[in-house]
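Note that UniProt numbering gives residue 134 to position 134 of the sequence shown, counting from 1, and the numbers run on in steps of one.
Backbone N, C-alpha and C fix where the C-beta goes; we use that ideal spot for every residue, glycine too.
The structure appears below as structure tokens.
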Amino acid sequence: MSAELIVDARNAVGECPVWVPEENALYWVDIPNGGLQRWDASTGHLSAWKAPQMLACIARTDAGHWVAGMQTGFFQLTPHADGSLDTTRLANVEHPRPDMRLNDGRCDRQGRFWAGSMVLDMGLSAAEGILYRYASGAAPHAQLDGFITLNGLAFSPDGRTMYASDSHPQVQQVWAFDYDTNTGTPSNRRLFIDMNHFPGRPDGAAVDADGCYWICANDAGLINRFTPEGRLDRSLSLPVKKPTMCAFGGSRLDTLYVTSIRDDATEQSLSGGVFALNPGVKGLAEPHFIL
């Protein structure tokens, strides 16, 4: 199954693609550069905005803005056609140490925003990462800790299972949790996938309409689909080594969009680009964050 390059973005760390059906457009971020980018699927036009901090994860709000996990906390972003970006701080995150930022994040099915933190230097292997739940008007609530590089957040179609991974080379595991949709509380943590038995490290993820879990295998140039029972169902190849996160989009939610990391140490000229594949299944619309 061939992957089509839709944007030669050359992102340092492209992440968190989000499809916006009412705009027929894909948004994503470039983490270290604080970049918010938009690709119009109808025209191919690319728009870009610059945030004042590292920008790690985004979700659409019910008011047409964006909620974002950045270096120091949660923000509201409002991009404008002239290239300006309004940035409003919503809540601070008190990191255990100063050299940290938020990383992977998304909304649950009820519109709460989740994001995990990490130490900037992965080489330190510091298990200081915390998974936060953020609801409008409330302080971020630390739910789980002990992660080095939290990734792979996703929710089952009924919202009653939460997935999360640690993509650090010393861990490379994905866990499943029972998820209380009323309180937003995960419990019964259990190993879902041990990626040490497969090529690549578990990065960003998405869940399809069948409830299967798609995980980017960073360093292996693959996207793997696992059934709800944790069985590898299929693997799709990409022309780059470091895919970061995938998202379903298109008019029928049957296109899989994938962001990637720029790898100048190799001859992969397309690295840092955004790709589209036809996975043969449909995805789910991303929930809005409820302000």
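Apart from the 5 residues on each side of it in sequence, Arg38 sits with its Cβ closer than 6 Å to the Cβ of Ala25, Tyr27, Ser47 in its chain, given in chain order.
Ranked by how close their Cα comes to the Cα of Arg234, the residues Phe198, Glu23, Thr149 have Phe198 in first place. Secondary structure at His141: strand, using DSSP grouped into helix, strand and coil. Ranking Trp175, Arg201, Tyr179, Gly44 by CA distance to the CA of Glu229 puts Trp175 first.
With respect to Val67, Ile261 sits apart: the two C-beta atoms are not nearer than 7 Å. For the pair Leu277 and Leu236, the CB atoms are nearer than the 7 Å cut-off. Around the CB of Asn151, 16 or more other CB atoms lie within 10 Å, so the residue is classed as buried.
For Gly123, the three-state secondary structure derived from DSSP is helix. The shortest CA-to-CA distance from Glu128 to any of Ser136, Ser117, Gly137 is the one to Ser117. Within the DSSP secondary-structure output, Cys216 pairs in a beta bridge with Ile223. DSSP lists Trp175 as the beta-bridge partner residues of Ala164. Note that the C-beta distance between Gly250 and Leu238 is not below 7 Å. Going by C-alpha positions, Gln170 is about 17 Å away from Phe192.
Within the same chain, Asn24 come within 6 Å of Ser42 by CB-CB distance, once the 5 residues on both sides are set aside. When secondary structure is reduced to three states using DSSP, Met245 falls in the strand class.
In the DSSP annotation of this structure, the continuous segment of the beta strand (DSSP E) that includes Met70 starts and ends at 66 to 70.
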